[in-house]
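Data first, discussion second: the structure below is written as structure tokens.
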Ligand SMILES: [Zn+2]
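Numbering (this note's numbering), first residue to last: 1 to 275.
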């Protein structure tokens, strides 16, 4: 159901009473003679509210853009962080390979020294049996060494591969950093422009609202806040331009008459009809 604000069936043309006392308190005491009736032309007020809504649309849009800036900066930083982590992982992998290779090289060196030592011992051996045993030992170590050499070559190849990946990943990381830096600068510039424009609009608004009745303005602003920037909505083909609910014919008629503020029974926004 639609709620009709300020309607009073006994007063066909609606007036609102204002006490001068409210505006000029120093003249209020005992001066009942200063009681004045100020006519509020609701039609004009609605026109002004529609204009105010346009200013507020712009202000809310700027506000949304401004509010999105920190989030965008966070996203950019996160993207750089991901690339940095990828690079770090590869570098760690490369380091592990190098450590592994170093271990194998040390092992190979030790075994080669052992081989040399055994080979020198061969000349001092007296019996054939001992000679054969040591020769067998040497052959075993040599076989181990060739396996180690193979493994070292594989590790070297893997290190080469990973170094290639690292330089590619470093390029990606630097690119991402540059992109983030540039976009952040652009965002900061846009932010400054938007802030300046927002302040201009705010000043314009402050002046504009002086022409609107305080109570009507308070109502409008309450709805504006509740609906995140949209308080005045047109009647669109018999529906509320805010929530799209069908409106009763009586509500549509009242919105057309513009003698009262008419609210949508569903979302409570202020309805107006576009002529
Ligand atoms: Zn509605």
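In this text, a Cβ means the ideal position worked out from N, Cα and C, and glycines have one as well.
Point to revise | Inter-residue Cα distance where the pair is residue 59 and residue 97 | key: Spanning the two alpha carbons is a distance of roughly 58 Å.
**Study point:** Exposure label - residue 157; buried when at least 16 CB within 10 Å
**Key:** When all chains shown are included, residue 157 counts as exposed.
Check your understanding: Is the beta carbon of residue 45 less than 8 Å from the beta carbon of residue 216?
Key -> The answer is yes: Cβ separation under 8 Å.
Review point. Hey, would you say the C-beta of residue 245 is under 7 Å away from at least one heavy atom of ligand 1?
Key: For residue 245, the Cβ falls inside the 7 Å cut-off from some heavy atom of ligand 1.
Review point. At what residues does the alpha helix (DSSP H) containing residue 152 begin and finish?
Key: If you look at residue 152, you'll find it in the alpha helix (DSSP H) that goes 128–208.
Exercise for review: Report the three-state DSSP secondary structure of residue 271 (helix, strand or coil).
Suggested key: Note: residue 271 maps to strand in three-state DSSP.
Check your understanding: Cβ atoms of residue 212 and residue 48: under 8 Å apart, would you say?
Key -> Taking 8 Å as the Cβ cut-off, residue 48 and residue 212 qualify as a contacting pair.
**Study point:** Opening and closing residue of the beta strand (DSSP E) in which residue 234 lies
**Key:** Note, residue 234: beta strand (DSSP E), 232–236.
Review point. Would you report the Cα separation of residue 155 and residue 100, rounded to the nearest angstrom?
Key: Approximately 8 Å between the Cα atoms of the pair.
Exercise for review: Determine the contact status of residue 76 and residue 218, defining contact as a CB-CB distance below 8 Å.
Suggested key: No.
**Study point:** C-alpha distance - residue 147 paired with residue 87, whole-angstrom precision
**Key:** Rounded to whole angstroms, residue 147 to residue 87 spans 32 Å at the Cα level.
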